[in-house]
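Residue numbers for the sequence shown, in mature numbering (1 follows the signal peptide of the UniProt record, and there is no 0): -25 to -1, 1 to 509.
For reference, the structure discussed in these notes is given below.
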Amino acid sequence: MFHLHRLTSKVVLACCLTIGLTACPGPVPPPSPSALTVEQWALTEATPGAAFIAEMSRAPQGTFQAELTDVDGERTPLTVDVQGTALQLRVPVTASGGFQQLRLTGEGQTFEQTVTVLGSRGFVDDTRVLALVQAETARTTFEAALAAQGLALASGGWRELDGDAGPCADRLAVVGTGGAGVGETLARLRALPGVRVADAEGLFKVDPASLWDRGLINVRFYYKRAIGNGDTTGSGVTVAVLDTGIRADDPEFPASEDPADPRRVLPGRNFVNVSAAPNDDFRFSFFGHGNSVAQMIAGLQRGVASGSEVLPVKVCDESGVCRTSHIVQGLCYAMSAAAPGRTVLNLSFGADVPSEIMRRALVAATDADTLIAAAVGNEAAGQSESRTVSKQHFPASYDLPGVLVVGALESVDPPFDVSDGNGGSEDLFADVSGWKRATTSRKAAALDVVAPGVIRFTDDTVQVPNGTSFATPLAAGALAQWREACPTASPTALVIQIKADAVLTNIREADRNATSVGTGLLQLRASATRCPEI
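Now the structure itself:
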């Protein structure tokens, strides 16, 4: 091309001299390339280490740069490679998950696009993905469509969900990636007939727990000194604990032959091992995880809402890993297993893996007047105190109306404790002198309220369950109390009421902001005389 341009210039000059022109035109410039545009974002979802793909209007020229900006405003540069008329933007393995803004620059132009990093590394199963398939689509028809794309159902990958409305009326398909990238497989799935939405298989995790090695009747009094008692006990309300399971023989859940006794554990369901009971086998604490959560909600001696029923829904394995598919199944089951409008869901888990299927199930739950308490999440180790808004933590980060998002507090100074460790008396606890945001509790724009999540005693040898996993059940218990008091109030109205009742008293000044403590410390003030009108 360069040599042709030189030859053309010489010919023009020779012609000018031949015909006696004193001024000849200069060299003919090469044609300007057309303006570069993005024809299509072929892939806008990728796991760390994989790539987004932008199909351009022509072959890009020169150097391009790209970066992601997350909800913290932190920027992550991407590697950009030109492949014909496409740009491949590779995500570093250190990238955080969630919805992010991508900025691509080159040839004097800037292109922007909202993209999804499908979870931090280790939080996504790269061997399979999920699809919500219309109930009208036969399994054989769907499998044939998969085969045409070189895909197949995973073992046990065709699952009927419990329910007859919204996403719970459809089928959940678990599809192997066959060695392809998760983003690429999702794009192929979404093109198939009958597929409503497709998602990554996220690996959510329960927040860590420390040991319960002190008399927990005292712990109950400690909490109630901070958040009050309320006028109700959650009677007639079912609290579904989606977690690692429950120990039905726990003395906090005494057996009763009286079917009218509200203090009992319902049979529940195990979605990790469908042939087993939903027992808590969490191996990082002798006292379990889901069982400890359930005790704080509805335990006979320790529970905030000791009059409520417990529905164990095991969606997390013995390591505390909760798959998106199991969570979706558990959400649909919990909505169908309890009386409409009399159910509370406790979600003490999370990850930075967004799931549209899960979001739709949560919306269906609140539309059915189900109340939901979700943990805002525990900070990653070493995260800066100066961070204003944390990385995304789903399901709390969906920020849905009617979902109460809960963070954790810890005491500034330990309470004076002279108990014998065997129950003791409420009077043996002194009031906490002040509160601060627990160092394990994430900052988040979606945060609604906070509750005690870390208890430290004067001997500095004891912590009861630590983090937002154990602040959340206090809020779930509060929701159960409110549901008993106000059976017709909407989830959104009750969340607004609970936020209005929260207090900033005794919370240190540095933490009195919405991203650290929401509207403040949860208060148990449920009463039939204070029911919201909406």
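Glycine is no exception: its CB is placed at the ideal position from the N, C-alpha and C atoms.
(1) On the DSSP letters alone, give me the boundaries of the alpha helix (DSSP H) that Pro448 sits inside.
(2) Buried or exposed for Arg103, please, with buried defined as at least 16 other CB atoms from any protein chain shown within 10 angstroms of its CB.
(3) According to DSSP, is Ile202 helix, strand or coil?
(4) From Ser95 to Asp206, what does the alpha carbon distance come to, in whole angstroms?
(5) Which residues does DSSP list as the beta-bridge partners of Asp255?
(6) Which value, in whole angstroms, describes the spacing of the CA atoms of residue 510 and Asp218?
(7) Please report the straight-line C-alpha distance between Leu337 and Arg165, rounded to a whole angstrom.
(8) Suppose contacts are defined by Cβ-Cβ distances below 7 Å. Is Ala339 in contact with Ala371 by that definition?
(9) Can Pro287 and Ile347 be called in contact, C-beta distance under 7 Å?
(10) Provide the residue(s) that pair with Arg244 in DSSP beta bridges, ordered along the chain.
(11) Using only alpha-carbon positions, find the residue among Ala201, Pro229, Ile202, Asn245 that is nearest to Ala215.
(12) Go ahead and label Pro23 buried or exposed: buried means 16 or more other beta carbons lie within 10 angstroms of its beta carbon, across all protein chains shown.
(13) From Ala21 to Leu62, what distance separates their C-alpha atoms?
(14) Among residues of its own chain, excluding the 5 on either side of Arg334, which ones have a beta-carbon nearer than 7 Å to its beta-carbon?
(15) Measure how close the beta-carbons of Ser323 and Thr299 come, nearest whole angstrom, since I'm counting them as under 8 Å.
(16) For the segment 478 to 506, which segments carrying the alpha helix (DSSP H) assignment without a break, of at least 4 residues, lie completely within its bounds, in sequence order?
(17) For Arg487, which residues of its own chain have a beta-carbon under 6 Å away from its beta-carbon, when the five flanking residues on both sides are left out?
(18) In whole angstroms, give me the CA-to-CA distance for Val240 and Ala455.
(19) Apart from the five residues on each side of it in sequence, which residues of its chain come closer than 7 Å, Cβ to Cβ, to Thr60?
(20) Just tell me which of Val46, Cys291, Arg483, Glu42 has its CA closest to the CA of His368.
(21) How is the alpha helix (DSSP H) around Gly154 delimited, first residue to last?
(22) Which residues does DSSP pair with Gln76 in a beta bridge?
(23) With a 10 Å radius around its C-beta and 16 neighbouring C-beta atoms as the bar for buried, classify Phe261 as buried or exposed.
(24) With contact counted as at least three CB pairs below 8 Å, one residue from each stretch, are the segment 132 to 144 and the segment 309 to 317 in contact?
(25) Since Val99 and Val328 are thought to touch, with beta carbons under 8 Å apart, how far apart are those beta carbons, to the nearest angstrom?
(26) What residue range does the alpha helix (DSSP H) around Phe117 cover?
(27) Identify whether Ser361 lies in helix, strand or coil by the three-state DSSP scheme.
(28) Work out the CA separation of Val319 and Thr490 for me, nearest whole Å.
(29) Reducing DSSP to helix, strand and coil, say where Ala420 ends up.
(30) Helix, strand or coil for Lys366? Go by DSSP, reduced to three states.
(31) Would Gln438 be called buried (16 or more neighbouring beta carbons within 10 Å of its own) or exposed?
(32) Measuring alpha carbon to alpha carbon, tell me which residue in Leu497, Gln472, Ala477 is nearest Cys506.
(33) Determine whether the beta carbon atoms of Thr208 and Gly282 lie at a separation below 7 Å.
(34) Considering only C-alpha positions, which residue in the set Val157, Val381, Val303 is nearest to Phe179?
(35) Just checking, does the segment 122 to 137 make contact with the segment 66 to 85 on the three C-beta pairs under 8 Å criterion?
(36) Note down, in chain order, each residue of its chain lying with its Cβ closer than 8 Å to the Cβ of Ile332, except the 5 sequence neighbours on either side.
Once the coordinates are examined:
(1) Along the sequence shown, read from residue 1 onward, the residue named residue 448 stands at position 473. Note, Pro448: alpha helix (DSSP H), 447 to 460.
(2) Translated into the one-based positions of the sequence shown, residue 103 becomes position 128. Classification of Arg103: buried, given that the 10 Å Cβ count is 16 or more.
(3) Mapped onto the sequence shown, residue 202 falls at position 227. Of the three classes helix, strand and coil, the one that applies to Ile202 here is helix, per DSSP.
(4) Your numbering for residue 95 matches position 120 in the sequence shown. Your numbering for residue 206 matches position 231 in the sequence shown. Roughly 43 Å between the two C-alpha positions.
(5) Numbered from its first residue, the sequence shown carries residue 255 at position 280. By DSSP's assignment, Asp255 forms no beta bridge with any residue.
(6) Lying outside -25 to 509, the shown extent of the chain, residue 510 is not represented and no answer is given.
(7) As a first step, residue 337 must be located in the sequence shown, where it is residue number 362. As a first step, residue 165 must be located in the sequence shown, where it is residue number 190. Leu337 and Arg165: Cα-Cα distance of roughly 21 Å.
(8) Within the sequence shown, the letter at position 364 stands for residue 339. Within the sequence shown, the letter at position 396 stands for residue 371. Between Ala339 and Ala371, the C-beta spacing is not below 7 Å.
(9) As a working note, residue 287 is residue 312 in the sequence shown. As a working note, residue 347 is residue 372 in the sequence shown. Contact flag unset, no.
(10) Here residue 244 refers to the residue found at position 269 when the sequence shown is read from its first residue. The partner list for Arg244 (beta bridge, DSSP) reads Val288.
(11) As a working note, residue 215 is residue 240 in the sequence shown. Of the listed residues, the one whose Cα sits closest to Ala215 is Asn245.
(12) The sequence position of residue 23 within the sequence shown is 48, counting from 1. Taking all protein chains in view, the Cβ of Pro23 is crowded by 16 or more other Cβ atoms within 10 Å, so the residue is classified as buried.
(13) Residue numbering aside, residue 21 sits at position 46 when the sequence shown is read from its first letter. Residue numbering aside, residue 62 sits at position 87 when the sequence shown is read from its first letter. Taking the Cα positions, Ala21 is about 14 Å away from Leu62.
(14) Here the question's residue 334 lines up with position 359 in the sequence shown. Contacts found: Tyr373.
(15) Your numbering for residue 323 matches position 348 in the sequence shown. Your numbering for residue 299 matches position 324 in the sequence shown. Contact doesn't hold; Cβ gap of about 16 Å is too wide.
(16) For the segment 478 to 506, whole alpha helix (DSSP H) runs of length 4 or above, ordered along the chain, are 489 to 492.
(17) Position 512 of the sequence shown, counted from the start, is the residue given in the question as residue 487. Excluding sequence neighbours, Arg487 sits near Leu479.
(18) Indexing the sequence shown from 1 puts residue 240 at position 265. Indexing the sequence shown from 1 puts residue 455 at position 480. Inter-residue distance for Val240 and Ala455 is about 15 Å (C-alpha atoms, whole angstroms).
(19) Within the sequence shown, the letter at position 85 stands for residue 60. These residues qualify, in order along the chain: Glu30, Met31, Arg33, Ala34.
(20) Counted from its first residue, the sequence shown places residue 368 at position 393. Cα-wise, what sits closest to His368 is Val46.
(21) Translated into positions along the sequence shown, residue 154 becomes position 179. For Gly154, there is no enclosing alpha helix (DSSP H), as DSSP marks it with neither H nor E.
(22) To locate residue 76, count along the sequence shown from 1; it is residue 101. Note: Gln76 is bridge-paired with Thr44, Thr89 in the DSSP secondary-structure output.
(23) To locate residue 261, count along the sequence shown from 1; it is residue 286. Phe261 comes out exposed.
(24) Taking 8 Å as the limit for Cβ pairs, the verdict is that the segment 309 to 317 does touch the segment 132 to 144.
(25) For the purposes of this step, residue 99 is taken as the residue at position 124 of the sequence shown. For the purposes of this step, residue 328 is taken as the residue at position 353 of the sequence shown. Indeed, because the Cβ distance is near 6 Å, the residues count as touching under 8 Å.
(26) Within the sequence shown, residue 117 is the residue found at index 142, counting from 1. First-last of the alpha helix (DSSP H) with Phe117: 114 to 123.
(27) Within the sequence shown, residue 361 is the residue found at index 386, counting from 1. Note that Ser361 scores a pLDDT of 38, beneath 50, so its modelled location is shaky; the value from the coordinates is reported in the next line. Assigned with DSSP and collapsed to three states, Ser361 falls in coil, not helix or strand.
(28) Position 515 of the sequence shown holds residue 490. Position 344 of the sequence shown holds residue 319. If I take the Cα positions, the gap works out to 25 Å.
(29) Looking up residue 420 in the sequence shown gives position 445. In this structure, Ala420 counts as coil in the three-state DSSP scheme.
(30) As a first step, residue 366 must be located in the sequence shown, where it is residue number 391. Reduced to three states, the DSSP call for Lys366 is coil.
(31) Counting from one through the sequence shown, the residue named residue 438 turns up at place 463. Confidence at Gln438 is low in this model, with a pLDDT of 45, below 50, so its placement is unreliable and the value that follows should be read with caution. Buried.
(32) Taking the first residue of the sequence shown as position 1, residue 506 is located at position 531. Comparing Cα positions, the closest option is Gln472.
(33) As a first step, residue 208 must be located in the sequence shown, where it is residue number 233. As a first step, residue 282 must be located in the sequence shown, where it is residue number 307. Yes, they are a contact pair.
(34) The residue labelled residue 179 in the question sits at position 204 within the sequence shown. The shortest Cα separation from Phe179 among Val157, Val381, Val303 belongs to Val303.
(35) No, they do not touch.
(36) As a working mapping, residue 332 is identified with position 357 in the sequence shown. Around Ile332: Leu105, Leu107, Pro142, Leu147, Val172, Asp174, Thr299, Val303.
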